[in-house]
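**Q** Mind having a look at this structure? Questions to follow.
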Amino acid sequence: MTPGLVALRLAWSRGGLRGPVLIALAALLASAYWETRSQGCGSGHHHAVAGGLQCASIGLFEWMLMVVAMMTPLLVPTINHVWHSSLARRRFDALLALGLGYGVCWALAGMLLMPVAALWGQGWTRAFAVLAASIAWSCSPISQYARNRCHRVRGIHPFGLAADRDSFVQGLAAGAPCVLACWPWMLVPMSVPAGHAVLTLAVTLVLFLERLDEPRKPAWRTAPALTVLRLLSPRWTGAWQPAGQGGIHRRFAALGK
Amino acid sequence: MEDPDYAALDPIFWLHHCNIDRLWAAWLTQKKNKMEYRKAWLRGPARHFEMPGPDGQLHKFTPADTLPGKTLAPTYDDLQIGTGLPPVAASLEEVTGAAPMPAQFTTEEPPPANLVGSNSGKITITGAPATTEVKLQPEVTEAAGLVGEERVFLNLENVRGTAPSARLMIRIGAPSAGAALAEDSSYSVPVALFGLKQATASDGEHGGNGINVAVDITEIAGKLQEEAGASIDQLQVRIEQQAEGEVSPITVDRISIYKQPVG
Numbered sequence: 001m002t003p004g005l006v007a008l009r010l011a012w013s014r015g016g017l018r019g020p021v022l023i024a025l026a027a028l029l030a031s032a033y034w035e036t037r038s039q040g041c042g043s044g045h046h047h048a049v050a051g052g053l054q055c056a057s058i059g060l061f062e063w064m065l066m067v068v069a070m071m072t073p074l075l076v077p078t079i080n081h082v083w084h085s086s087l088a089r090r091r092f093d094a095l096l097a098l099g100l101g102y103g104v105c106w107a108l109a110g111m112l113l114m115p116v117a118a119l120w121g122q123g124w125t126r127a128f129a130v131l132a133a134s135i136a137w138s139c140s141p142i143s144q145y146a147r148n149r150c151h152r153v154r155g156i157h158p159f160g161l162a163a164d165r166d167s168f169v170q171g172l173a174a175g176a177p178c179v180l181a182c183w184p185w186m187l188v189p190m191s192v193p194a195g196h197a198v199l200t201l202a203v204t205l206v207l208f209l210e211r212l213d214e215p216r217k218p219a220w221r222t223a224p225a226l227t228v229l230r231l232l233s234p235r236w237t238g239a240w241q242p243a244g245q246g247g248i249h250r251r252f253a254a255l256g257k
Numbered sequence: 258m259e260d261p262d263y264a265a266l267d268p269i270f271w272l273h274h275c276n277i278d279r280l281w282a283a284w285l286t287q288k289k290n291k292m293e294y295r296k297a298w299l300r301g302p303a304r305h306f307e308m309p310g311p312d313g314q315l316h317k318f319t320p321a322d323t324l325p326g327k328t329l330a331p332t333y334d335d336l337q338i339g340t341g342l343p344p345v346a347a348s349l350e351e352v353t354g355a356a357p358m359p360a361q362f363t364t365e366e367p368p369p370a371n372l373v374g375s376n377s378g379k380i381t382i383t384g385a386p387a388t389t390e391v392k393l394q395p396e397v398t399e400a401a402g403l404v405g406e407e408r409v410f411l412n413l414e415n416v417r418g419t420a421p422s423a424r425l426m427i428r429i430g431a432p433s434a435g436a437a438l439a440e441d442s443s444y445s446v447p448v449a450l451f452g453l454k455q456a457t458a459s460d461g462e463h464g465g466n467g468i469n470v471a472v473d474i475t476e477i478a479g480k481l482q483e484e485a486g487a488s489i490d491q492l493q494v495r496i497e498q499q500a501e502g503e504v505s506p507i508t509v510d511r512i513s514i515y516k517q518p519v520g
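In C-alpha cells, the structure reads:
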C-alpha cells in the first residue's frame, strides 16, 4: 500500500475528502464558465498574456482556477498532515497558509508557462504533441524525483507565527516538486481548441493516479498512472508484482521460493 | 533481526510476531476492549497478504480470517504469562474455540485524537541524550489538566536515521511543575525503530518521511500530574539511544502530545 493510498484511505474514513473534492469541482465549473465569458481577451488562455496587463491578470486568474481544480485532490495527503498537526483552533489558518505557499509556487509557474502556452497556440496536433511530451516527462527520472518529494511532510510548530510559517513552508515544499512533476500536463488542456474542461478533468485523473504511486528510485519507467490503475483494479491485485515492492510481502514471497 | 531485509531469516522474528499475535489474543479476552470490525480492517490492504503454503503455492488471506472462530485463528496454551492479564480472565474455550470472544466488535470510528502541544523544532540524538521541552496549549492547563477522561499520547514525528534499526529510551518529566525527570523506569518508555534506514530513504516506501511513533503515556502523565499537584503546561522529554559503541545520529522533526477521548 502506497503512502498516498494510506493517506487517501484515512482521509476517506474521516470524511476529509469531501471538502477538497468539492473545492476542485467548484473550481472546474468556474473555470469552464469563465472560459465562455472571457472572450474579450482572446479565446481562453492562449491570448491572455498578449492582451495587456488586464488580460494577463485575467489569464493568471484562469490559471489559478485551473490549478485549484486539478491540484486540490492531489494535495489531500498534505492537507491531512497539516490539519492533524495543528491545534484544533488553528486548523483553518494553517490550511490558508498551506494554500498560500502552494499557490505561490503555481502562480510563479503560471507566469512562465502561460507565455509558453500562448506561443505554442492551440490545435489538436499541437495538443497531441504536448500530451506525448507530458507522458515522456512522467516517465523520466527527474519527474520521479519530483513525485518522491511530493510525499514529503514537515514538522509543524503548533503555536503562533511559527505555526503559520511552518504551514506556509510546507505549502512551498509541496508546491515546488508538484510544479516540477506536473508542469507539462498543465499545458495539455490549454492547447486543445475545444473541450478544455473535459481535458482538465482527464489530466486531473492522470495526475491523481501518479500522486498515488509509491516513491521509487528515479529512473526511466513506464507511466506511473498505468501502474497505479493496475494496482487499484481487483483483477490485477495479487497477480501483479511491482518492481520496487518492498516490505514484509516480499520477504514472505522470497522465503517461499 | 535488525535489518528488515533479512529479519525474516532470524527465528526470533517468527517468535516475536507470534507473541504479538498472542498479546492480541489476550487483549481480545477483555470485555472492555473494542475490536475494530470495519471492512477496511477486515479485508486488509489493497495489495493482499500472501503466504506460501506447504503445497508451494501462494495463499491469500485477510485479517478477518485470523479472528477467533475463523479459519486461521490461532490457539494458545497460555494467555497470561507476560501479557499483563489478570488470572482467569476468560476460559480458554472462549478464547480459542468457536464461542464469541469477550471483546466487543465495533464498526465505530475511534474518537479523533487532537494535538495539545509540541516541542519547537527538530532534535538530533547522537551518542549523548537529547532533551527538549514540550509546551502544552494554555486551554489544557487551565481546564481539566493533562489527564482527564482522555488518553495521552507522546508522538515522535518523522524519525530519521542511517542505521537499519535503533532503540530509544524516552524519559518524561515536568520540572517546571515540580516533577523533575526521574531515573525511575516507571517514567520512561522504550521505543524500537525497526526499518529506520529504509523509512528515511526518499525513494523508499515512506517517501523519506521516516518513522512515526505514538506512545501511550496516560499513566506517566497521571503520575506527573499528581506529583505537580497543579496543571502542567510543559513536559520535559529526554531521549537517548540504547546501543553499545558508536551510534549514528537520529533526528526527530517534532515531538508532540495528542489527547484522545476514551472511546
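Going down the list, the sequences are from chains A and B. Under my numbering, think of the first position of the first sequence as 1, with each following residue one higher. Under my numbering, think of the first position of the second sequence as 258, with each following residue one higher. Beta carbons are placed, not taken as given, at the ideal position from N, Cα and C, and that holds for glycine.
1) According to DSSP, which residues form a beta bridge with E390 (chain B)?
2) Could you tell me which of A:P20, A:P224 and A:R89 sits nearest to A136 (chain A), measuring between CA atoms?
3) In the DSSP assignment, what are the bridge partners of S422 (chain B)?
4) If you drop the 5 nearest sequence neighbours on each side, which residues of the same chain put their C-beta closer than 6 Å to that of E484 (chain B)?
5) Taking F168 (chain A) as part of the alpha helix (DSSP H), name the residues at either end of that continuous run.
6) Can you tell me whether Y145 (chain A) is buried or exposed, with buried defined as 16 or more other CB within 10 angstroms of its CB?
7) Taking the DSSP output, what are the residues bridged to I514 (chain B)?
8) Ordered along the chain, which non-local residues of its own chain (more than five positions away) have a Cβ less than 7 Å from that of L199 (chain A)?
9) Would you mind telling me which residues of chain A sit closer than 8 Å to Q394 (chain B), beta carbon to beta carbon, in chain order?
10) Going by DSSP, what residues sit across from Q314 (chain B) in a beta bridge?
11) Go ahead and pull the three-state DSSP assignment for E307 (chain B).
12) Can you name the residues of chain B whose CB is closer than 8 Å to the CB of N80 (chain A)?
13) Who are the neighbours of S375 (chain B) on chain A, taking C-beta pairs under 9 Å?
14) Please check if any C-beta of chain B sits within less than 9 Å of the C-beta of E210 (chain A).
15) Short check: CB of G452 (chain B) to CB of P261 (chain B), under 9 Å?
16) Any idea if N376 (chain B) is buried or exposed, counting beta-carbon neighbours within 10 angstroms, 16 or more meaning buried?
17) Along the chain, where does the beta strand (DSSP E) containing I269 (chain B) start, and where does it finish?
18) Since C105 (chain A) contacts G175 (chain A) with CB under 8 Å, what's their CB separation in whole angstroms?
19) What residues from chain A crowd round E414 (chain B), counting only those whose CB sits closer than 7 Å?
20) Would you grab the beta carbon distance between N412 (chain B) and I474 (chain B) for me? Rounded to a whole angstrom, and I think it's under 8 Å.
21) How is D473 (chain B) classed by DSSP in three states: helix, strand or coil?
22) Which stretch, first to last residue, makes up the alpha helix (DSSP H) that contains I156 (chain A)?
23) Enumerate in chain order the residues of its own chain whose CB-to-CB distance from A30 (chain A) is below 7 Å, with the five nearest sequence positions on each side excluded.
24) Report the option in A:P141, A:G171, A:S86 and A:R152 whose CA atom is closest to the CA atom of R221 (chain A).
25) Indicate whether at least one CB of chain B lies closer than 9 Å to the CB of Q260 (chain A).
26) The beta strand (DSSP E) that contains K523 (chain B), what's its start and end?
27) Give me whichever residues DSSP pairs with K522 (chain B) in a beta bridge.
28) So the candidates are A:G110, A:G19 and A:L25; which of them puts its Cα closest to the Cα of C178 (chain A)?
29) Apart from the five residues just before and just after L329 (chain B), which ones in its own chain have a Cβ nearer than 8 Å to its Cβ?
30) At which residues does the alpha helix (DSSP H) containing I79 (chain A) begin and terminate?
31) Within 10 angstroms of its Cβ, does P325 (chain B) collect 16 or more other Cβ (buried), or is it exposed?
32) Looking at the secondary structure, which residues open and close the beta strand (DSSP E) in which T381 (chain B) lies?
33) Pull the bridge partners of S445 (chain B) from the DSSP assignment, please.
34) Among the candidates A:F61, A:W34, A:G52 and A:V76, whose CA atom is the shortest distance from the CA of I23 (chain A)?
35) Got a sec, what are the start and stop residues for the alpha helix (DSSP H) W137 (chain A) sits in?
36) Of the residues A:A32, A:H84, A:V169 and A:L205, which one's Cα is nearest the Cα of G103 (chain A)?
**A** Taking the coordinates as given:
1) Mapped onto the second sequence, residue 390 (chain B) falls at position 133. Looking at the DSSP output, E390 (chain B) sits in a beta bridge with B:Q493.
2) For the purposes of this step, residue 136 (chain A) is identified with residue 136 of the first sequence, where counting begins at 1. Residue A:P224 is the option with its Cα nearest to A136 (chain A).
3) The residue given as residue 422 (chain B) occupies position 165 in the second sequence. Beta-bridge pairing links S422 (chain B) to B:F451.
4) Residue mapping note: residue 484 (chain B) aligns to position 227 of the second sequence, counting from 1. For E484 (chain B), where only same-chain residues beyond five positions count, the Cβ hits under 6 Å are A436.
5) Position 168 of the first sequence, counting from 1, holds the residue named residue 168 (chain A). Counting along the chain, the alpha helix (DSSP H) containing F168 (chain A) begins and ends at G160 to S191.
6) Within the first sequence, residue 145 (chain A) is the residue found at index 145, counting from 1. So Y145 (chain A) counts as buried.
7) What you label residue 514 (chain B) is simply residue 257 of the second sequence in a count that begins at 1. Paired residue(s): B:G374 and B:L411.
8) The residue labelled residue 199 (chain A) in the question sits at position 199 within the first sequence. So the qualifying residues of the chain are V188, P189 and V192.
9) Numbered from 1 along the second sequence, position 137 holds the residue referred to as residue 394 (chain B). Contact note: Q394 (chain B) reaches chain A through L87, P158 and F159, using a C-beta cutoff of 8 Å and chain order.
10) Position 57 of the second sequence holds residue 314 (chain B). According to DSSP, Q314 (chain B) bridges with nothing at all.
11) What you label residue 307 (chain B) is simply residue 50 of the second sequence in a count that begins at 1. Three-state DSSP puts E307 (chain B) in a strand.
12) Locating residue 80 (chain A) in the first sequence gives position 80, counting from the first residue. In chain order: nothing, as chain B lies at least about 12 Å away.
13) Residue numbering aside, residue 375 (chain B) sits at position 118 when the second sequence is read from its first letter. Chain A residues near S375 (chain B): S85, G155, I156, H157, P158 and F159.
14) Locating residue 210 (chain A) in the first sequence gives position 210, counting from the first residue. No, E210 (chain A) does not count as interfacial toward chain B.
15) Looking up residue 452 (chain B) in the second sequence gives position 195. Looking up residue 261 (chain B) in the second sequence gives position 4. In this structure, P261 (chain B) lies closer than 9 Å to G452 (chain B) by Cβ.
16) Mapped onto the second sequence, residue 376 (chain B) falls at position 119. Under this definition N376 (chain B) is a buried residue.
17) For this step, residue 269 (chain B) is matched to residue 12 along the second sequence. Counting along the chain, I269 (chain B) falls outside any beta strand (DSSP E), though it belongs to the alpha helix (DSSP H) covering P268 to L285.
18) Residue mapping note: residue 105 (chain A) aligns to position 105 of the first sequence, counting from 1. Residue mapping note: residue 175 (chain A) aligns to position 175 of the first sequence, counting from 1. About 3 Å separates the two Cβ atoms, so the contact holds.
19) Here residue 414 (chain B) is taken as the residue at index 157 of the second sequence, counted from 1. Going along chain A in sequence order, the residues near E414 (chain B) (Cβ under 7 Å) are G155.
20) Here residue 412 (chain B) is taken as the residue at index 155 of the second sequence, counted from 1. Here residue 474 (chain B) is taken as the residue at index 217 of the second sequence, counted from 1. With a beta-carbon spacing of about 10 Å, N412 (chain B) and I474 (chain B) fall beyond the 8 Å limit used to define contacts.
21) Within the second sequence, residue 473 (chain B) is the residue found at index 216, counting from 1. DSSP places D473 (chain B) in strand when its eight states are reduced to three.
22) In the first sequence, the residue the question calls residue 156 (chain A) occupies position 156. Run containing I156 (chain A): none; DSSP gives neither H nor E here.
23) For the purposes of this step, residue 30 (chain A) is taken as the residue at position 30 of the first sequence. A distance below 7 Å between beta-carbons, with the five flanking residues on each side excluded, links A30 (chain A) to the following residues of its chain, in chain order: L65.
24) The count along the first sequence starts at 1 and reaches residue 221 (chain A) at position 221. Among A:P141, A:G171, A:S86 and A:R152, the Cα nearest to that of R221 (chain A) is on A:P141.
25) Shown here, chain A extends from 1 to 257; a query on residue 260 (chain A) therefore has no answer.
26) Residue 523 (chain B) is absent from the structure shown; chain B starts at 258 and stops at 520.
27) Residue 522 (chain B) cannot be examined here, being either before or after the span of chain B that is shown, 258 to 520.
28) Taking the first residue of the first sequence as position 1, residue 178 (chain A) is located at position 178. The candidate whose alpha carbon is nearest that of C178 (chain A) is A:G110.
29) One-based indexing of the second sequence puts residue 329 (chain B) at position 72. F318, D322 and T323, listed in sequence order.
30) For the purposes of this step, residue 79 (chain A) is taken as residue 79 along the first sequence, with counting starting at 1. That run of the alpha helix (DSSP H) goes V76 to S85.
31) Within the second sequence, residue 325 (chain B) is the residue found at index 68, counting from 1. Buried is the call here.
32) Numbered from its first residue, the second sequence carries residue 381 (chain B) at position 124. Taken as a continuous stretch (DSSP letters only), the beta strand (DSSP E) holding T381 (chain B) covers I380 to I382.
33) Taking the first residue of the second sequence as 1, we reach residue 445 (chain B) at position 188. Beta-bridge pairing links S445 (chain B) to B:R428.
34) Taking the first residue of the first sequence as position 1, residue 23 (chain A) is located at position 23. The residue among A:F61, A:W34, A:G52 and A:V76 with its C-alpha nearest the C-alpha of I23 (chain A) is A:V76.
35) By one-based count along the first sequence, residue 137 (chain A) stands at place 137. Counting along the chain, the unbroken alpha helix (DSSP H) around W137 (chain A) starts and ends at W124 to C139.
36) Sequence index remark: in the first sequence, residue 103 (chain A) carries index 103 (1-based). Among A:A32, A:H84, A:V169 and A:L205, the Cα nearest to that of G103 (chain A) belongs to A:V169.
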